[in-house]
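4 protein chains.
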Amino acid sequence: MGTSRFEAFSDGVLAIIITIMVLEMKVPHGEHLESLGPLLPVFLSYVLSFVYVGIYWNNHHHLLHACSRVTGAMLWANLNLLFWLSLLPFATGWMGENHFASVPSALYGVILLMAAIAYRILQRTIVASGGAASVLRDAMGRDWKGRLSPVLYVVGIAATSWSASLAQLIYASVAMLWLVPDRRIEHVLAQREN
Amino acid sequence: MGTSRFEAFSDGVLAIIITIMVLEMKVPHGEHLESLGPLLPVFLSYVLSFVYVGIYWNNHHHLLHACSRVTGAMLWANLNLLFWLSLLPFATGWMGENHFASVPSALYGVILLMAAIAYRILQRTIVASGGAASVLRDAMGRDWKGRLSPVLYVVGIAATSWSASLAQLIYASVAMLWLVPDRRIEHVLAQREN
Amino acid sequence: MGTSRFEAFSDGVLAIIITIMVLEMKVPHGEHLESLGPLLPVFLSYVLSFVYVGIYWNNHHHLLHACSRVTGAMLWANLNLLFWLSLLPFATGWMGENHFASVPSALYGVILLMAAIAYRILQRTIVASGGAASVLRDAMGRDWKGRLSPVLYVVGIAATSWSASLAQLIYASVAMLWLVPDRRIEHVLAQREN
Amino acid sequence: MGTSRFEAFSDGVLAIIITIMVLEMKVPHGEHLESLGPLLPVFLSYVLSFVYVGIYWNNHHHLLHACSRVTGAMLWANLNLLFWLSLLPFATGWMGENHFASVPSALYGVILLMAAIAYRILQRTIVASGGAASVLRDAMGRDWKGRLSPVLYVVGIAATSWSASLAQLIYASVAMLWLVPDRRIEHVLAQREN
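Residue numbers (this note's numbering), protein chains in the order written: chain A, 1 to 194; chain B, 1 to 194; chain C, 1 to 194; chain D, 1 to 194.
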């Protein structure tokens with residue numbers, strides 16, 4: 001079974017997640033600039049989540065590029081990732097509406113952590129299926145970003161009980177780390193061709 | 001007519017169904033952990049429905065893989081399946097908001113039953129069209145899961161008048177049965193190649 | 001320019017239209033069967049609209065099948081069709097919530113009429129572009145369904161001032177007419193091959 | 001990396017944006033024609049935004065047609081464009097509900113301006129990547145519409161403090177300018193073939 005329909009379904013779900021998050025920004029009733037004020041935290045949490053979904057889409061894109069066939073285990077590992085990402089609009093809305101309060105910020109971190117774990121499970125499932133074998137395994141060997149991110153999310157979640165702002169700073173820093181798409185796979189593929 | 005656009009439309013509808021269900025989890029007003037409490041049944045019913053839509057997507061994927069051309073009858077048999085699945089977000093939300101009460105749980109079972117019947121009609125339409133003929137027919141001969149599921153849904157619907165929890169247990173068990181994607185078609189295809 | 005991305009965008013919009021209509025069926029507050037009663041007209045209008053979007057998707061599918069390249073005029077004729085269809089969820093919700101009252105039923109008919117006109121404009125634009133030329137033109141020559149439908153919609157709209165039920169009957173009858181996908185193009189293509 | 005999945009994700013997001021805007025038109029409670037009256041400004045702003053998203057989809061289509069491979073920088077330049085367009089439903093709803101008042105009209109102009117800037121950044125990123133090099137660069141040399149539009153948006157935003165109607169007229173005029181899809185790239189491609 002090829003990867004095309006697998007990609008199409010994932011793209012559809014990610015496109016919908018990234019777009020329905022904006023529905024959490026309810027149109028305000030007043031017509032003056034001040035009416036937008038209370039929406040600022042909702043907007044900022046929307047920006048952070050938009051960047052995160054963008055990062056997942058980019059990395060997902062690269063991951064499947066190194067993969068030639070789809071197994072049943074991969075389908076479910078992928079649905080697991082999409083499940084956690086589908087909770088992002090809810091966590092984003094809750095965090096935004098409560099101006100980055102502690103508990104909503106912690107929940108947001110938990111969703112990010114679960115999505116990161118789901119992504120690693122998907123990577124391992126692809127490697128285990130043998131479809132992309134050595135290319136992806138070589139790339140994963142040096143995967144310091146993939147190992148560091150869950151640790152930072154846990155630190156962020158713990159930080160919410162002390163300072164929610166610090167937690168936000170940590171979440172945003174992890175996003176910055178990943179903004180450059182994952183070139184490891186591209187590098188290994190390029191080396192092979194030489 | 002090829003199957004690609006047929007798949008793309010089905011993928012789009014299934015991706016939207018799986019994602020808009022999360023909109024039934026309304027962002028709560030409080031900022032404390034207790035505010036999430038009332039959402040737990042909504043969340044659990046979301047998880048169950050997410051798994052069901054995932055199962056339908058997987059099996060749909062395998063079904064069309066055994067099929068080379070699309071007829072008018074198949075288009076409508078497919079729309080019939082998508083229609084019943086499109087009611088799943090409504091039934092999920094009603095069941096979740098009423099903490100798995102009897103009548104909403106029964107309606108949820110009815111939707112699952114109608115979707116299962118619609119899936120069987122789609123299978124038969126594909127076999128009748130001759131496009132996928134013998135491969136799919138051989139696989140369907142041993143289709144104990146496809147025959148057992150509607151029976152279990154009826155038992156579940158009947159059980160709601162006695163114990164809604166038992167009904168939920170039955171619905172979840174049927175989902176477990178199907179979590180492994182349908183390998184029958186793969187097996188028959190593999191045997192042919194030998 | 002090929003038709004693939006043109007189809008993909010149309011499929012996406014149609015898949016979203018067909019799915020968000022179900023959001024008009026708000027989850028009721030009570031947990032008993034009677035709570036579903038007031039939703040019955042909303043459900044019936046959802047069924048009618050689901051069938052209509054399904055018909056448009058099927059016919060759109062056949063139409064583009066007879067077409068090999070996409071021009072700027074076709075892109076806009078297609079967006080015009082999608083615009084009118086995008087108003088269907090609104091008209092469906094308004095008609096359903098008011099139990100098929102006269103004015104909402106008339107508005108529903110107007111949307112159907114505008115979509116039918118937009119579809120004919122798209123057909124003509126494709127024929128005029130020369131891309132599908134004679135095959136489609138031959139098929140359109142006998143297009144009694146395409147000519148009769150707008151007339152019936154106008155009769156239905158006029159009927160709403162006298163009996164909204166009659167109007168619904170007319171709208172549903174037109175849908176029945178179209179339930180069989182448009183075989184004219186298939187026939188002409190099949191004759192050519194002989 | 002090819003452009004197909006890049007296009008599919010962009011199409012998905014644009015299809016969702018164009019469709020969820022219609023959700024801002026809430027179904028009114030009354031069943032008479034007068035109930036639709038207050039929705040007229042919301043409807044008019046929906047039409048304007050629908051046309052704008054249609055224009056972006058068309059031009060995006062042409063832009064990627066002149067491009068053979070996708071880089072990491074292009075992925076993020078594209079997500080930047082989709083981000084600003086994803087704010088269009090919010091700005092459309094706010095402007096429509098406040099009957100084209102000054103501040104919402106100015107915000108609408110700011111979103112259009114940011115999307116126009118994001119589109120130019122995407123164009124430059126594609127040219128800089130060398131993938132589409134000279135074809136697109138030649139076409140961009142005569143890009144008077146791409147240069148004039150941001151200037152007109154700024155004029156429109158400034159005009160809102162004086163007359164919001166004038167601003168609407170300017171926004172609508174820019175849309176008219178673009179309604180003809182971008183033939184520059186087609187022309188340059190056609191000249192090359194000769």
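Here a beta-carbon is modelled for each residue, glycine too, at the ideal position from N, C-alpha and C.
Excluding the five sequence neighbours on either side, which residues of its own chain have a C-beta within less than 8 Å of the C-beta of residue i, listed in chain order?
i: A:S35; result: P28 and H29
i: D:A164; result: F100, A101, S102 and S105
i: A:L14; result: V53, Y56, W57, H60, L82 and L85
i: D:F6; result: L64, V70, M74, L75 and N78
How is the alpha helix (DSSP H) around residue i delimited, first residue to last?
i: B:V47; result: L40 to H65
i: C:S10; result: S4 to I20
i: A:S165; result: A164 to L179
i: A:N80; result: G72 to S86
Compute the Euclidean distance between the alpha carbons of residue i and residue j, then round it to the nearest angstrom.
i: C:S129; j: C:T71; result: 7 Å
i: C:I18; j: D:P41; result: 25 Å
i: C:L82; j: A:Y119; result: 36 Å
i: B:S4; j: B:E97; result: 38 Å
i: C:N78; j: B:H60; result: 29 Å
i: C:V154; j: C:S173; result: 13 Å
i: A:A159; j: A:A8; result: 38 Å
i: C:A115; j: C:G37; result: 31 Å
i: D:L85; j: C:H32; result: 43 Å
i: B:I121; j: C:I55; result: 19 Å
i: B:W178; j: B:L107; result: 21 Å
i: B:S68; j: B:G12; result: 20 Å
i: B:R124; j: B:L63; result: 11 Å
i: C:L23; j: C:W57; result: 20 Å
i: B:W94; j: B:L87; result: 11 Å
i: C:A175; j: C:D143; result: 16 Å
i: C:W76; j: A:N80; result: 39 Å
i: C:S10; j: D:K145; result: 27 Å
i: A:I16; j: A:V51; result: 14 Å
For residue i, collect the residues of the same chain with a Cβ closer than 7 Å to its Cβ; drop the 5 residues on either side in sequence, then sort them by chain order.
i: D:G156; result: G109, A167, I170 and Y171
i: D:M25; result: L39, V42, F43 and Y46
i: A:I117; result: P150
i: B:S161; result: S102
i: B:L148; result: none
Where does residue i fall in DSSP's three states?
i: B:D143; result: coil
i: B:L112; result: helix
i: A:M25; result: coil
i: C:S102; result: helix
i: D:E34; result: helix
i: C:R124; result: helix
i: C:S149; result: helix
i: A:T92; result: helix
Quick one: residues in its chain with C-beta nearer than 6 Å to the C-beta of residue i, no 5 flanking neighbours on either side, listed in chain order?
i: C:M21; result: Y46, S49, P89 and T92
i: D:L112; result: Y153
query: Between the region 65-76 of chain D and chain A, which residues of the former have a C-beta closer than 8 Å to a C-beta of the latter?
result: G72, L75 and W76
- request: Check distances from the C-beta atoms of the region 93-104 of chain B to those of chain C and list, in chain order, the residues that come in under 7 Å.
  value: G93, W94, E97, N98, A101, V103 and P104
- request: Scan the region 43-54 of chain D for residues whose Cβ lies nearer than 7 Å to a Cβ of chain C and list them as they occur along the chain.
  value: F50 and G54
- prompt: What residues from the region 17-37 of chain B come within 9 Å of chain A, judged by C-beta to C-beta, listed N to C?
  reply: I18, T19, I20, M21, V22, L23, M25, K26, V27, P28, H29, G30, E31, H32, L33, S35 and L36
- request: Could you please tell me which residues of the region 151-179 of chain D, in chain order, have their CB closer than 9 Å to any CB of chain C?
  value: Against chain C - using a Cβ distance shorter than 9 Å - the residues of the region 151-179 of chain D are L179.
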